[in-house]
Amino acid sequence: MNVLVYLLPIALSLGLLGLVAFLWSLKDGQYEDLDGAALRVLGDDDLPKEKEWKEKDR
Amino acid sequence: MPQKLDLSSFARPAGNGQSTMTLAVEGVHCGGCIARVEAGMRKIPGVVEARLNFSNRRLTIAWRNHEAEPADFLVALESLGYQGHPFQARAAEQEEVRYEKWLLRCLAVAGFAAMNIMLLSVSVWSGNVSDITPETRDLFHWASALIALPAAAYAGLPFFLSAIAALKARSVNMDVPISLGVMLALGMSVVETLNSATHAYFDSAVMLLFFLLLGRYLDASLRRRTRAVAGNLAALKAETAQRVAADGQIVVVPASVLAAGDRVLLRPGDRVPADGIIVAGQSEIDDSLVTGESVPRPVRESATVYAGSVNISGTLTLQVTAAGENTLIDEIERLMDSAAKAKSRIVHLADRAARLYAPLVHTAAAVTLVGWLAFGASAHTAIVVAITVLIITCPCALALAIPAVQVVAAGRLFRNGIFLHGGDAIERLAEVDTVVFDKTGTLTLPEPQVVNAADIPPGLLERAARLALASRHPLAAAIARHAHERSAFADVREEPGQGICAIVDGVEARLGSPAYCDVALPQRPDPYATDASWIAFRHGKKAALFAVRQSLRPDARAAVDTLRSMGLRVRILSGDRADAVAPVAAALGIADWSAAVTPADKVAALDALKAEGCRVLMVGDGLNDAPSLVAAHVSMSPITAADLSQAQADAVFLGERLAPVPEAVVTARRARALMRQNLWLAGLYNLFAVPVAMAGLVTPLIAALAMSGSSLIVTLNALRLNALRLHRGGAPIAAPAQAENGPAAPVRALPVAEGSRA
């Protein structure tokens, strides 16, 4: 039974981590252009510069 | 003459000396387009970033102020082969986006909570039949409570707020029993946990929220997508105006920024950007979008023109008048207001079900409580059983029964180019028994067409069409549509009010009035009815005459026949003259038509139909149709309709074809049948579940299985709507790709599919 003392918090915090990650990705605008993301991944021109175009504005 | 294009009204300040603006971009098809557009935009000096959203085809550009001009972006896009349209986000769309995100956050929280509580609950359930100790069970119940209470407080907000709003308005919606069920389930579970009981219902409460939020999220996401498309279409349609500044300089501005008193230059072919009075020039005005009149009206100084009309022949200067100075618009708005007031509030199927349902389950719970007390059970047992009745009847399936069908139906219509303004329009569409059409722009195509193109030698037609590309005259545009090669001839001269000419293959070619081209009009009475305009073309010795007029939509007859075969009455109410309406009515076989109907008479005619007990679907596009679109039971507009009319219509359809009208009615009827089935399924579920719960036999495990099972069944049943298409060999009748094929065959197949349902 003692095993529950740490297994329960671990299970819950893992779940919570997933929730926080999802909410962060939502806030970050990662779901704004799902079709575009599917096509962009195929482009081979992903220069380092591309990271700078992060969407500030919809 | 290049003109200054002023788009400053679309730029938004973004801080640190930068501005951003959004463009709706046409012609983006693939991943390559994304890279091309973004790279092309970033090459413009001053542009800091460019990001194309492929899902909604919108390009956001940020640039340093004073280093780039918004107008350059459009030019750059055009040189890449794309059309950009400045886009102004509408408040309604932003509201939808916010609401959808909120629901998604709630859904995420509910999903997280449901999964983790289920983890604990399954342990308890399996422990209950084996060797769990009461201490461990209590621990698991407390852990569940720790997750469920905050999660429900957050994820339940959409329901709680809606329930409170309904109660404040002294009515009951579906959210009232939902909120009550969730709160009682949580409250009881906390009390049971305090008493170290065997059963707690945290999982039921949170799972219920998860299922319901899923339905709502799908609904909201569909509505938001529809709005995004509508927003882009509005940007594509948005007019620009050539404003004459005080110093005589002409600046091109978006029509939306025009203010009263502004002077606007109207060249031939321009659409009138705002209501106003002519201060200089004379011309003819095509009022078909405003009054339904298909024959142009001559105008001169001090004549009034309305937004949406098209200037045909001469150059005009217009002075914009303020809202409220305009008798026609005022009349239309007054009629619209009174029609909206007269429209009795329609009670939706879902609300009807909720009104019936809420008292029923609450009575069942009360009867259970009293019954168990009467048979000598303790107050605690009686209350617990009564609450399990409320939990098991919590309208999971019922709340999904109608939205699920609405989402599937709206999605299906959406793919076929029909955009609904609200899911409730589906129910009203299913009830119609009479369809009233406007003529101009609804039964007929909004732009004039060459009706005798088949009689003209193809080579001559091609040359005339390419010459016509150089002119902005609306009649020339009809001819220009027949050009296969889309490049205009060089050095085209335009003779105002006469026509255009150019040297083609060393010989002069002329396109214009018959006199200008020295072509005689046909002696015999013309075969194309009275309202055709004649355009002549001469190239050396060869000559041709084009008859240009408003023509029927290509599948109008088939669509009207389909509507009739579905048992609907079809009528025409047109603002046009009788001799223009009669041939159309005859061609479509519609005996019941009226011409020269004013907006007020249209509303009166609809009211008369309503008094007879008819439920009318009004299909119209003109400004004069706006009040009758409000007055009708349900209404549709083509995408080319006047803005005001489009805003009033319950649905807007794309394309040249009329098939979307029968398609919408068929889908709606099928959808309503499925809604009814779903309500019966949900009722049937309760018929079995309630006695079991009243007998006190329900455990949390049974509640979880019953709730998710019934939700799944109604959702799957709703998806059957998509099978409607499969019955006909996979040909969606309103798909634009089908436009060239004979529309009659797939359309006629519809009633069969409809009949097979019944």
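So the protein sequences, as listed, match chains G and U. When we follow my numbering, the leftmost residue of the first sequence carries the number 1, and every step to the right adds one. When we follow my numbering, the leftmost residue of the second sequence carries the number 1001, and every step to the right adds one. Beta carbons are placed, not taken as given, at the ideal position from N, Cα and C, and that holds for glycine.
CB-CB length for residue i against residue j, believed under 8 Å
i	j	result
A956 of chain U	L19 of chain G	The requested residue 956 of chain U does not occur in the structure, where chain U is confined to residues 1001 to 1758.
Q1449 of chain U	A1477 of chain U	Going by Cβ atoms, the distance from Q1449 of chain U to A1477 of chain U rounds to 10 Å, so no, they are not a contact pair.
R1571 of chain U	D1601 of chain U	The Cβ separation is near 13 Å, so there is no contact.
L39 of chain G	I1034 of chain U	6 Å
M1636 of chain U	V1661 of chain U	6 Å
I1312 of chain U	H1473 of chain U	7 Å
A1425 of chain U	D1072 of chain U	The Cβ separation is near 42 Å, so there is no contact.
A1307 of chain U	V1272 of chain U	6 Å
V1206 of chain U	A1145 of chain U	Contact doesn't hold; Cβ gap of about 11 Å is too wide.
L1289 of chain U	S1309 of chain U	7 Å
A1596 of chain U	A1578 of chain U	6 Å
C-alpha distance - residue i paired with residue j, whole-angstrom precision
i	j	result
L1184 of chain U	A1365 of chain U	12 Å
E1663 of chain U	Q1550 of chain U	24 Å
P1599 of chain U	L1335 of chain U	8 Å
Q1018 of chain U	E1049 of chain U	11 Å
R1243 of chain U	D1286 of chain U	21 Å
R1657 of chain U	A1556 of chain U	7 Å
R1105 of chain U	W24 of chain G	10 Å
N1624 of chain U	R1057 of chain U	33 Å
I1332 of chain U	R1300 of chain U	24 Å
A1062 of chain U	Q30 of chain G	19 Å
A1753 of chain U	A1039 of chain U	Only weak support exists for where A1753 of chain U lies, its pLDDT of 33 falling under 50; the value from the coordinates is given anyway. Their backbone Cα atoms lie some 50 Å apart in a straight line.
A1430 of chain U	V1665 of chain U	6 Å
L1161 of chain U	E1096 of chain U	17 Å
P9 of chain G	L1697 of chain U	33 Å
R1466 of chain U	F22 of chain G	56 Å
V1209 of chain U	K27 of chain G	Just to set this straight, residue 1209 of chain U is Leu in the shown sequence, not Val. Roughly 22 Å separates the two Cα atoms.
V1028 of chain U	R1042 of chain U	17 Å
Any C-beta of chain U under 8 Å from that of residue i
i	result
G15 of chain G	yes
D28 of chain G	no
A21 of chain G	no
L42 of chain G	yes
L7 of chain G	no
E32 of chain G	yes
R58 of chain G	Note that R58 of chain G scores a pLDDT of 45, beneath 50, so its modelled location is shaky; the value from the coordinates is reported in the next line. Yes, R58 of chain G counts as interfacial toward chain U.
Where residue i falls: helix, strand or coil (DSSP)
i	result
L36 of chain G	At residue 36 of chain G the sequence reads Gly, which differs from the Leu that was named. The answer is helix: DSSP assigns G36 of chain G an H, G or I state.
F1375 of chain U	coil
S1019 of chain U	strand
F982 of chain U	Lying before the first or after the last residue shown, residue 982 of chain U is absent from chain U, which here runs from 1001 to 1758.
F1210 of chain U	helix
G1081 of chain U	coil
Q1498 of chain U	coil
T1165 of chain U	Per the sequence presented here, residue 1165 of chain U reads as Ala, with Thr not at that position. A1165 of chain U falls in the helix class under three-state DSSP.
E1284 of chain U	strand
C1550 of chain U	According to the sequence shown, residue 1550 of chain U is Gln rather than Cys. Reduced to three states, the DSSP call for Q1550 of chain U is coil.
V1492 of chain U	coil
E1508 of chain U	strand
A1454 of chain U	helix
L1573 of chain U	strand
Q1677 of chain U	helix
V1129 of chain U	coil
I1590 of chain U	coil
Proximity test, Cβ basis, 8 Å: residue i and chain G
i	result
I1117 of chain U	no
F1160 of chain U	no
N1624 of chain U	no
K1101 of chain U	yes
G1031 of chain U	yes
G1132 of chain U	One detail in the question is off: residue 1132 of chain U reads as Ile in this sequence, not Gly. Cβ-Cβ to chain G under 8 Å: no for I1132 of chain U.
G1730 of chain U	Low per-residue confidence applies at G1730 of chain U: pLDDT is 36, beneath 50, and the placement is therefore not dependable enough to give any value.
L1360 of chain U	no
F1210 of chain U	no
I1044 of chain U	no
F1054 of chain U	yes
F1112 of chain U	yes
L1139 of chain U	yes
Check: residue i C-beta below 7 Å from any heavy atom of the ligand SAH
i	result
L1023 of chain U	Of the ligands one can find in the structure shown there are none, so the ligand SAH has no counterpart to examine.
Interface flag, residue i vs chain B, CB-CB below 8 Å
i	result
V1229 of chain U	Of the chains in the structure shown, none is chain B; the protein chains are G and U.
Secondary structure, beta strand (DSSP E): runs of 3+ residues fully inside the region 1367-1431 of chain U: 1418-1420
Going along the chain, which unbroken runs of the alpha helix (DSSP H) with 4 or more residues stay wholly within the region 1225-1276 of chain U? none
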